[in-house]
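Note sheet for the following structure.
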Amino acid sequence: MTQTTTRSHYRTCNLCEAICGIEIKVNGDQIASIKGDKLDPFSQGHICPKAVALQDLQDDPDRLKKPLRKTARGWEEISWSEAFRETAERIAGIQKKYGRDALGVYLGNPTVHNLDAMIFGAGFFRQLKTKNRFSATSVDQLPHHLAAMLMFGHPLRLPIPDIDRTDFMLILGANPVVSNGSIMTAPNVRKRLKAIQARGGKFITIDPRFTETSKLADQHLFIKPGSDALFVMAMINHLFKNELVDCGHLSNDVEQLDQIAGLVEAYTAESVAAATGINATDITDLVDQFCAAESAVLYARIGVSTHEFGTLVNWLVNLFNILTGNLDSKGGAMFTTPLIDLIGRTKPKGKKYARYFSRVSHYPETMSEFPVAALAEEILTPGEGQIKAMIVAAGNPVLSTPNNDQLDHAFGELEFMLSIDFYLNETSRHADIILPPPSPLERSHFDLVFNHLSVRNYAKYSEALFEKSKGSLSEAEIYLELTYLTAPAGLSAKAKAWTKMNFLKIFKAEGFLDKGIKKGPYAHPKSKLNQDLSFKQLAKLEHGLDLGPLQPRFPDGILTANGKIQLAPEEFVGDLMRLQAQFMDQDSVAAQQTGHSFLLIGRRDPRTCNSWMHNSHRMIKGKNRCTALINPEDARSLGIEDGQSVKVSSRAGEVVLPAALSDEMMPGVISIPHGWGHGKEGTRLDIANQHAGVSVNQLTDEKLVDALSGNAVLNGVPVEVLPID
Numbered sequence: 000m001t002q003t004t005t006r007s008h009y010r011t012c013n014l015c016e017a018i019c020g021i022e023i024k025v026n027g028d029q030i031a032s033i034k035g036d037k038l039d040p041f042s043q044g045h046i047c048p049k050a051v052a053l054q055d056l057q058d059d060p061d062r063l064k065k066p067l068r069k070t071a072r073g074w075e076e077i078s079w080s081e082a083f084r085e086t087a088e089r090i091a092g093i094q095k096k097y098g099r100d101a102l103g104v105y106l107g108n109p110t111v112h113n114l115d116a117m118i119f120g121a122g123f124f125r126q127l128k129t130k131n132r133f134s135a136t137s138v139d140q141l142p143h144h145l146a147a148m149l150m151f152g153h154p155l156r157l158p159i160p161d162i163d164r165t166d167f168m169l170i171l172g173a174n175p176v177v178s179n180g181s182i183m184t185a186p187n188v189r190k191r192l193k194a195i196q197a198r199g200g201k202f203i204t205i206d207p208r209f210t211e212t213s214k215l216a217d218q219h220l221f222i223k224p225g226s227d228a229l230f231v232m233a234m235i236n237h238l239f240k241n242e243l244v245d246c247g248h249l250s251n252d253v254e255q256l257d258q259i260a261g262l263v264e265a266y267t268a269e270s271v272a273a274a275t276g277i278n279a280t281d282i283t284d285l286v287d288q289f290c291a292a293e294s295a296v297l298y299a300r301i302g303v304s305t306h307e308f309g310t311l312v313n314w315l316v317n318l319f320n321i322l323t324g325n326l327d328s329k330g331g332a333m334f335t336t337p338l339i340d341l342i343g344r345t346k347p348k349g350k351k352y353a354r355y356f357s358r359v360s361h362y363p364e365t366m367s368e369f370p371v372a373a374l375a376e377e378i379l380t381p382g383e384g385q386i387k388a389m390i391v392a393a394g395n396p397v398l399s400t401p402n403n404d405q406l407d408h409a410f411g412e413l414e415f416m417l418s419i420d421f422y423l424n425e426t427s428r429h430a431d432i433i434l435p436p437p438s439p440l441e442r443s444h445f446d447l448v449f450n451h452l453s454v455r456n457y458a459k460y461s462e463a464l465f466e467k468s469k470g471s472l473s474e475a476e477i478y479l480e481l482t483y484l485t486a487p488a489g490l491s492a493k494a495k496a497w498t499k500m501n502f503l504k505i506f507k508a509e510g511f512l513d514k515g516i517k518k519g520p521y522a523h524p525k526s527k528l529n530q531d532l533s534f535k536q537l538a539k540l541e542h543g544l545d546l547g548p549l550q551p552r553f554p555d556g557i558l559t560a561n562g563k564i565q566l567a568p569e570e571f572v573g574d575l576m577r578l579q580a581q582f583m584d585q586d587s588v589a590a591q592q593t594g595h596s597f598l599l600i601g602r603r604d605p606r607t608c609n610s611w612m613h614n615s616h617r618m619i620k621g622k623n624r625c626t627a628l629i630n631p632e633d634a635r636s637l638g639i640e641d642g643q644s645v646k647v648s649s650r651a652g653e654v655v656l657p658a659a660l661s662d663e664m665m666p667g668v669i670s671i672p673h674g675w676g677h678g679k680e681g682t683r684l685d686i687a688n689q690h691a692g693v694s695v696n697q698l699t700d701e702k703l704v705d706a707l708s709g710n711a712v713l714n715g716v717p718v719e720v721l722p723i724d
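First residue of the sequence shown? That's 0 in numbering that gives the first Met the number 0, and the numbers climb one at a time after it.
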C-alpha cells in the first residue's frame with residue numbers, strides 16, 4: 000500500500016467578501032481538512048462556516064465538467080470545439096438578424112471573485128458591443144457606486160469604515176456579523192466590533208430587525224423599512240441647527256456646503272419621528288454622541304441600498320461622514336490603497352451615468368449597465384432592440400432578482416442562451432449550451448475587487464491547488480476562444496489566429512498582475528509607498544502581505560472634473576422631492592399598514608451566500624432556515640402560531656412557508672431570507688432540491704426600484720400575511 004504525504008496549501012477563501020486566509024491539508028488529490036491560516040496577517044486564523052464548503056464544491060458530483068447541449072431528448076455532452084462553434088454561430092446569427100442589442104449579458108456575483116473571469120471576460124463582453132448588459136450589482140449595491148461616482152468622481156471610490164481605529168460606529172441597515180462585512184472586507188467582524196468596545200468606544204445598530212450584530216451592540220433602535228433617508232436627513236439637520244458641521248481637513252475641498260443647510264431645513268428630528276419609528280430624542284442623542292467621539296463612522300449597507308431611496312441614503316451617509324469631519328480621516332470612512340489599483344491615476348472622464356436608457360422603462364445606464372429589474376421586460380416586449388439571446392456567466396438571476404417568476408418565463412422565450420456555469424441550476428436549465436469553468440481550487444486567485452473594499456491594505460496571491468479535471472478549460476481559455484470566434488469579420492483570419500495563440504501567453508492573469516503591481520502605488524518610483532514590489536515577490540508570500548492601515552487619500556484622490564467633492568449633485572437634490580412626497584405626509588404614512596399588511600425585509604445567513612452553497616450538505620444541514628420571521632404580537636393578532644404555515648403575497652406573487660415568531664422583529668415587519676426556491680424541474684442540484692425553501696423574489700416587484708439607479712427594491716416591499724389552517 001502506497002502511503003501519501005500530507006501537504007499544506009495556503010490560499011484565500013473566495014466564497015464571500017471577507018477573503019479569509021485558509022490552510023488546506025491535502026493527501027494526494029483528496030482534501031483532508033480546511034482550517035483558518037493563523038499566519039495570514041489579515042484574517043489571523045479566522046474563518047466562517049462557508050470555507051469548509053470548498054471541499055464539498057470540489058467533490059460535488061453535480062458539478063459539471065464538460066460542455067452540455069440541450070436537445071429534444073435532454074442534455075448531451077459535447078466537445079469544447081463543437082460547443083464553441085455552435086455558440087459563436089448562434090450569437091453571430093442573432094446579432095446579424097436583429098442587431099447588436101438583441102444579445103443580453105448577465106454577470107453574476109462570483110465573477111468578481113474570479114481573476115480569469117474579470118480579466119478575460121471583460122474583453123469578450125466589450126467585443127459583443129451590446130448595450131443590454133446587466134449584473135448582480137443592480138440587485139444590491141449600485142447606489143453605493145452611483146453616490147461615489149457623482150460625489151468623488153469614480154464609482155470605485157467607495158468609503159470604507161476604518162473599523163479597527165474608530166471610537167464610535169453607527170451601523171445602519173447592515174448585519175456584518177453574518178455578512179462578514181459587505182463593502183467592508185473585514186474577516187472576523189465580531190472580534191473587530193468587540194475591540195471597539197474594549198478600547199472604550201461603542202457601536203450602535205439601526206435596523207428593522209434586532210440582528211446578530213445588534214446582540215453585540217451597545218444600543219439598538221428599530222427603524223421602519225424604507226425610511227432611512229429621512230433618518231439621516233434629520234441627523235444632518237441637527238448638525239446645522241447646532242453648529243456641529245466641521246468638514247475637517249477637507250473644508251477647502253468641498254462644494255455646495257451652503258446648499259445642504261437649506262435642503263435639510265424641514266427635516267427635523269420631530270418631523271421624521273413618526274415616519275421612521277425613532278423618537279426625536281434618540282435621533283439627536285445619536286448625533287451628539289457621534290460628534291463627541293474622537294473618531295466616528297456611519298456605515299450603511301444592503302438594508303438601505305435595496306429600497307426605493309437607496310441612492311439618496313448612500314449620498315446622505317457620505318454627507319454625514321463629511322460634515323462631521325470623519326471622511327478620509329483615521330477612524331472614520333476612509334479609502335483603500337490596494338496593491339493593484341483599478342482606479343490608479345485615473346483622470347476625470349465624465350459621468351458613466353444616464354448616457355443612454357433602457358428601451359421599455361427608460362431606466363438610466365450606470366457604469367455601462369442597465370438595472371436587472373428591466374431584464375425580463377426587455378426580453379418579453381416586442382419591437383426593435385428586443386433581447387432575443389442571453390449570455391449568463393456565474394449567475395442565477397432566476398432566484399436572485401425581483402419577480403423571478405417573470406424572468407423564469409422570459410428566459411424560456413429566448414431563441415438562444417449560453418450559460419458559463421458549473422451547475423445546472425434554476426437559470427442555466429434554460430440554456431442551449433453550458434460551458435463549465437473549473438472549480439475555485441483548480442485556478443489561481445488574487446482579489447482585484449475586494450482589496451479595494453478592505454478595512455486594511457492587504458494582498459495575497461494563491462496558486463491553483465489542483466490541476467483542472469481532464470478535458471476541462473480555464474476561464475481564460477473559455478473567454479479567449481469565445482473572443483477569437485466572435486471577433487469582427489474585418490479582422491483577418493491570420494491576425495485572429497496570432498491574437499489567439501499569443502494573448503494568453505503574453506497576458507495571462509499572472510502577467511496582468513505583474514504589470515498591475517509595477518504600475519501600482521507600492522512599486523511606482525515616485526510613490527511615497529514605494530516598496531519595489533513585483534508579482535514574483537508576492538507569489539512567494541503564501542500567507543499574504545500586510546500593507547498597513549488605511550491612509551488619507553484626499554484631496555489627490557478626488558477625481559471629479561474640478562477636483563472638489565460634490566456635496567449636492569443635481570440628480571440627488573432633484574430626487575428629494577420624491578422623498579418628501581412619499582414620507583412627509585403623516586396621514587399617508589399612518590395609512591400604509593393596516594390589518595394583514597406588512598413591510599417585507601430580507602435576511603442573511605452565515606452558511607450561505609445569496610443563492611450559493613445550498614448544494615453543500617454541511618452548509619444546509621440543521622433546522623429549516625427558510626422561515627418568515629414575525630413579531631409575536633403581530634402573529635397573535637392574526638392567529639398565527641410558531642411553525643404554522645403562512646401565505647405571504649404581493650403584487651408580484653405569493654409564497655407559503657413556516658412562520659417563526661421572534662421578538663427580534665419590529666412590529667409590522669416580516670423577514671424572509673434570500674436565495675432559496677430550489678426544486679425546479681430540470682435542475683441537477685440534488686442536495687439543494689431536498690431543501691428547496693421558497694424564493695422571496697416571487698414577492699419582490701420588478702416595478703419597485705430606486706428611481707436614480709434602478710437598483711432592485713428588496714426591503715420595504717408591501718405584502719399581506721395570512722395564516723394557513
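For glycine and all other residues, C-beta sits at the position ideal for the given N, C-alpha and C.
On the criterion of 16 or more Cβ atoms from any shown chain inside 10 Å, does P487 qualify as buried, or is it exposed?
With fewer than 16 other Cβ atoms inside 10 Å of its own Cβ, P487 counts as exposed.
What span of residues does the beta strand (DSSP E) with K535 cover, start to end?
Where K535 is concerned, there is no enclosing beta strand (DSSP E), although the alpha helix (DSSP H) it sits in stretches over F534 to K539.
Alpha carbon of E16 to alpha carbon of L229, nearest angstrom:
Cα to Cα, E16 sits roughly 29 Å from L229.
Need the endpoints of the alpha helix (DSSP H) that G92 sits in, please.
Segment W79 to Y97, the alpha helix (DSSP H) holding G92.
Write down the C-beta distance between H451 and T335 rounded to the nearest angstrom, noting that I regard them as a contact closer than 8 Å.
The Cβ separation is near 5 Å, so the contact holds.
With 16 other CB atoms within 10 Å as the buried threshold, where does I339 fall?
Result: buried.
Report the residue ranges of all alpha helix (DSSP H) runs contained in full by the region 24-61; include only those spanning at least 4 residues, in chain order.
For the region 24-61, the full-length alpha helix (DSSP H) segments reaching 4 residues or more read 52-58 along the chain.
Rounded straight-line distance, which links the Cα of E719 to that of F202:
The C-alpha of E719 is placed about 34 Å away from the C-alpha of F202.
On the criterion of 16 or more Cβ atoms from any shown chain inside 10 Å, does A634 qualify as buried, or is it exposed?
Burial call: buried.
Can you tell which of E211, P568, F167 and G667 has the C-alpha that lies nearest to the C-alpha of S636?
Of the candidates E211, P568, F167 and G667, the one whose C-alpha sits nearest the C-alpha of S636 is G667.
Looking at the strands, I want to know which residues DSSP matches up with G276.
According to DSSP, which records beta bridges pairwise, G276 is partnered with nothing at all.
Is DSSP giving C290 helix, strand or coil here?
The answer is helix: DSSP assigns C290 an H, G or I state.
7 Å CB neighbourhood of G411 in its chain, flanking five on each side removed:
If we look at G411 and ignore the five residues flanking it on each side, its Cβ neighbours are H429.
Just checking, does the region 296-306 make contact with the region 543-562 on the three C-beta pairs under 8 Å criterion?
Segments in contact, no.
Rounded to a whole number of angstroms, what is the C-alpha to C-alpha distance between A392 and F511?
Distance between the alpha carbons of A392 and F511 is about 22 Å.
Give, in chain order, every unbroken run of the beta strand (DSSP E) that is at least 3 residues long and sits entirely within the region 454-480.
The qualifying runs are 455-458.
Rounded to whole angstroms, what's the CA-CA distance from L169 to A295? Just pull it up for me.
Cα to Cα, the separation comes out at about 8 Å.
When the Cβ atoms of the region 217-225 are set against those of the region 189-204, are three or more pairs found closer than 8 Å?
Per the Cβ contact rule, the region 217-225 is in contact with the region 189-204 (3 or more Cβ pairs under 8 Å).
Please report how far the alpha carbon of L532 lies from the alpha carbon of I182, in whole angstroms.
In this model, L532 and I182 are separated by some 27 Å (Cα to Cα).
Is the distance from the Cβ of V647 to the Cβ of L707 below 9 Å?
The answer is no: Cβ separation not under 9 Å.
Evaluate A268 with the Cβ neighbour count: other Cβ atoms within 10 Å of its Cβ, from every protein chain shown; 16 or more gives buried, anything less gives exposed.
The residue in question, A268, is buried, as its Cβ has 16 or more Cβ neighbours within 10 Å.
Contacting residues, own chain, Cβ-Cβ under 7 Å from N395 (five flanking each side not counted):
Here the set comprises G107, N424, E425, T426 and S610.
Taking K130 as the reference, which of V25, G678 and G384 has the closest Cα?
Residue G384 holds the alpha-carbon nearest to the alpha-carbon of K130 among V25, G678 and G384.
What's the gap between the Cα of D139 and the Cα of G652?
Cα-Cα distance, rounded: 21 Å.
Please identify the residue among D281, N278 and I321 whose C-alpha is closest to the C-alpha of Y298.
Measuring C-alpha to C-alpha distances from Y298 to each of D281, N278 and I321 identifies I321 as the nearest.
With a cut-off of 8 Å, do at least 3 Cβ pairs link the region 60-72 to the region 91-111?
Here the region 60-72 makes no contact with the region 91-111; the two share fewer than three CB pairs at distances below 8 Å.
Under the DSSP definition of a beta bridge, which residues are partnered with Q565?
DSSP links Q565 through a beta bridge to E254.
In terms of DSSP beta bridges, what is H8 paired with?
In DSSP, H8 forms a bridge with I23.
Determine the contact status of A627 and P657, defining contact as a CB-CB distance below 9 Å.
Pairing A627 with P657 gives a Cβ-Cβ distance under 9 Å.
Would you report the Cα separation of N696 and L398, rounded to the nearest angstrom?
Those two C-alpha atoms are separated by around 7 Å.
As an exercise, report each continuous alpha helix (DSSP H) stretch of at least 4 residues that is fully enclosed by the region 625-651, in chain order.
With a minimum length of 4 residues, the continuous alpha helix (DSSP H) runs that stay inside the region 625-651 are 631-637.
Do P224 and K545 have their beta-carbon atoms positioned less than 9 Å apart in this structure?
The sequence shown places Asp at residue 545, not Lys. In this structure, P224 does not lie closer than 9 Å to D545 by Cβ.
Option in L149, L67 and Q43 with minimal Cα separation from I564
Closest in C-alpha terms to I564, from the list L149, L67 and Q43, comes L149.
Are the Cβ atoms of E76 and K65 separated by less than 9 Å?
Closer than 9 Å, so yes.
Measuring CA to CA, which of Q536, L315, P435 and V448 is closest to A260?
The shortest C-alpha separation from A260 is found at L315.
Could you give the distance in angstroms between the alpha-carbon of G20 and the alpha-carbon of N187?
Distance between the alpha carbons of G20 and N187 is about 11 Å.
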